[in-house]
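Colleague: Line order of the protein sequences matches chains F and C. No gaps in the numbering here: position 202 of the first sequence is 202 in this note's numbering, and each next residue is one more. One gets this note's numbering by counting positions in the second sequence from 1 and adding 1000 to each.
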Amino acid sequence: MSLKGELENLREQARTNENVQMAYEVVVNQLGRAETAGRALKVGDVMPGFLLPNAEGRLVFSDDLLRRGPLVINFFRGNWCPYCLRTLEALESALSSIEAAGGQLAALTPDTGSHLIATKRQHGLTYEILSDVDGAVGLQFGVLFRAPQRYRELLIGLGIDLEERHGNAGWLIPMPATFVIDQSGVARYAFVNVDFTRRAEPEEIVQVLHGLKRAGCQ
Amino acid sequence: MELSQVRYFLALAKTLNFTRAAEACNVTQPALTRAIQRLEEELGGPLLYRERSLTQLTDLGKAMLPHLDAAYLAAETATAQAEAFKRRDAAPLRLGLNSTISAHLLMPVLQELQDRLKGFELALIEESSEKLFATMLDGRLDAAVVAEPVRLPDRIDRWPLFEDRYVVLCRSGHRFSNLAEVPTSALAEECILLRAQGGCDFEQVLDDLCRAAATKWRRGHRGGSEDHIRRMVGAGLGVAISAASQPVASSVVAVPLAEPAAVRRVIVTAVAGRPHSAGLATFLKLMRARDWKGEVGCH
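#1: Considering only their Cβ atoms, is the gap separating ARG152(F) from TRP171(F) smaller than 8 angstroms?
#2: In the structure shown, what three-state DSSP assignment does THR1135(C) receive?
#3: Nearest to GLY1061(C) by CA position, among GLU1181(C), THR1033(C), ILE1101(C) and LEU1010(C), is which residue?
#4: How big is the Cα-Cα spacing for ARG1218(C) and MET1107(C)?
#5: When you compare the CB positions of LEU31(F) and GLU201(F), do they come within less than 8 angstroms of one another, or not?
#6: Which value, in whole angstroms, describes the spacing of the CA atoms of PHE1133(C) and ALA100(F)?
#7: With a floor of 4 residues, list each alpha helix (DSSP H) that falls wholly inside the stretch 1027–1088 of chain C, ordered by position along the chain.
#8: Could you have a look at ARG1218(C) and say whether DSSP puts it in helix, strand or coil?
#9: Between VAL1233(C) and the rest of its own chain, which residues show a CB-CB distance below 7 angstroms, the 5 nearest in sequence each way excluded?
#10: Within this structure, are the beta carbons of THR1269(C) and ALA1123(C) separated by less than 8 angstroms?
#11: Determine whether the beta carbon atoms of ALA1262(C) and ALA1254(C) lie at a separation below 8 angstroms.
#12: Let me confirm a value: PRO70(F) is counted as buried when at least 16 other C-beta atoms fall within 10 Å, else exposed. Which label applies?
#13: Suppose the cutoff is 6 angstroms on Cβ atoms and the five residues either side in sequence are ignored; what does the same chain contact list for LEU1187(C) look like?
#14: Please name the residue, chosen from LEU88(F), ASN74(F), ALA107(F) and PHE141(F), that lies closest to GLN122(F) on a Cα-to-Cα basis.
#15: Residues of the stretch 1076–1108 of chain C in Cβ contact with chain F at a cutoff of 8 angstroms, in chain order, please.
#16: Can you tell me whether GLY1236(C) is helix, strand or coil according to DSSP?
#17: Should GLY1044(C) be flagged as near chain F, meaning a C-beta pair shorter than 8 angstroms?
#18: Is DSSP giving LEU209(F) helix, strand or coil here?
#19: Using a Cβ cut-off of 7 angstroms, which residues of the stretch 17–38 of chain F contact any Cβ in chain C, in chain order?
#20: Tell me which residues of the stretch 102–116 of chain F have at least one Cβ-Cβ distance to chain C shorter than 7 angstroms, keeping chain order.
#21: Helix, strand or coil for HIS1299(C) per DSSP?
#22: Taking contact to mean at least 3 C-beta pairs separated by less than 8 angstroms, is the stretch 203–217 of chain F in contact with the stretch 10–20 of chain F?
#23: If you check the beta carbons only, do LEU105(F) and VAL72(F) fall under 8 angstroms apart?
#24: Is the separation between the beta-carbon of ILE117(F) and that of ASP1138(C) shorter than 8 angstroms?
#25: Chain C partners of ARG58(F), CB-CB under 7 angstroms?
#26: Counting only Cβ pairs nearer than 9 angstroms, list the residues of chain C close to PRO82(F).
#27: Using a Cβ cut-off of 9 angstroms, pull out every chain F residue sitting near ASP1291(C), in sequence order please.
#28: State the DSSP-derived secondary structure class of ARG67(F), mapped to helix, strand or coil.
Below is the structure:
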């Protein structure tokens, strides 16, 4: 099943829970009205460089990743988000195709501590999972937003404490976003959606990487 | 939200004047006003009251200010940190450890900084938490790793790392050594070794637990360092309180205290509101992103 199909199934399940559905609509409507997605990093923009710890406790520098090939950056909310997990798994399935097309893959989350390695182990992920501590990189990419009160209440009710996960009280989470950055640091593809149930298809990302390869502008 | 929107909001919160905020941010006033309106839509309400002669933060504006301030500072620090890394700048780090926290815990992080930061210069000291905080507030220390409960001064930021169970150290073969847990009441019959510096969390927890269990503990010999204490326990001079994250010698057994409350929390601290150098920012990120639970084997 395509990622799109899997996400559609999750959406159907979520619709049966009124509380979840209401909180979801608050997020999508509020961010939609404010045109939040439109102000994120765009195709043609230069990516801000970053130095972040990975799940294994090592430092990863964006320039080092770019030296090896174009970089696919996926912002995800955390391993508490089922849509994020399906997407991370779909990216793992597509990893060999991404690498065959010359690409590197890194996923960034504001989660800290043991959540990173838990995400990798529980979902069999082999690519870099980086901790975007305090959402510093997410804010530079323009993908960060503050969870509205209704949504915060829903998460707290589900036992998801973002203050504990993030180590700050901001409740700032990224919109799901995927970028393909060429080796000169310029964004060649940008998928940002205020609707966190919709994600970039891995197949589309692979096509973008092939396009970059053909154009010789890796 | 966009970094520039946050910058405009912070300038407005400081000046409470749209014209002056626009000047400070080097944008036109209509551009600043539009950006703030979008931010308000995103955050679900007005951030400022716009009255003819008076601009004031709303309750939402006041509530958002510390979060947006912190996020902006984090983004600015991250940019400076990546640039300093690229330039291979000097990265001094003055780090303090509470005397009941073993330096071995920090070694993987310090090793990573040594491997990756070309200009890494470390100064590591060991002191009581109170002295560490005072030294940090004086500007002579960048960060400190201490254990809670602790009296934290107002201007100190704290990030929890892991929960660390208190244990009793005894010689192998001691009556405690085969127990799964030591009840507080059993401590009354033992001579408990003390740290010469006194006042550490190990003595504090002993006082608290014994008071709760309506029992008393007996003071034993004193040791000047954790090494002294471990050797004295190994030689059968008494038992001692320690924590699960602390290293033990082969002749010594660490048995957890039975009470659920016998847990401390290890935290990393730095002075609030003070800009973080590249060395400090990188250290804090590594500390906060680390899988302490897996590493220390605590909860």
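Backbone N, C-alpha and C fix where the C-beta goes; we use that ideal spot for every residue, glycine too.
Modeller: Walking through what the data contain:
#1: yes
#2: Helix, per DSSP.
#3: LEU1010(C)
#4: 35 angstroms
#5: no
#6: 52 angstroms
#7: 1029–1043 and 1059–1087
#8: strand
#9: LEU1169, CYS1170, ARG1171, LEU1193, VAL1239, ALA1240 and VAL1252
#10: no
#11: no
#12: buried
#13: TRP1217
#14: LEU88(F)
#15: THR1077, ALA1078, THR1079, GLN1081, ALA1082, GLU1083, PHE1085, LYS1086 and PRO1108
#16: Under the three-state reduction of DSSP, GLY1236(C) is assigned to coil, being neither helix nor strand.
#17: For GLY1044(C), the answer is yes, since a Cβ of chain F falls inside 8 angstroms of its Cβ.
#18: helix
#19: GLN30, LEU31, ARG33, ALA34, GLU35 and THR36
#20: Answer set for the stretch 102–116 of chain F: THR112, GLY113, SER114 and LEU116.
#21: At HIS1299(C), the pLDDT of 40 sits below 50, so the modelled position is not reliable; the number obtained from the coordinates is stated separately. The answer is coil: DSSP assigns HIS1299(C) none of H, G, I, E or B.
#22: no
#23: Contact flag set, yes.
#24: no
#25: GLU1112
#26: The premise fails here: PRO82(F) is roughly 23 angstroms from chain C at the closest Cβ pair, so nothing lies under 9 angstroms.
#27: ALA55, GLU56, GLY57, GLY113, SER114, HIS115, LEU116, ILE117 and ALA118
#28: helix
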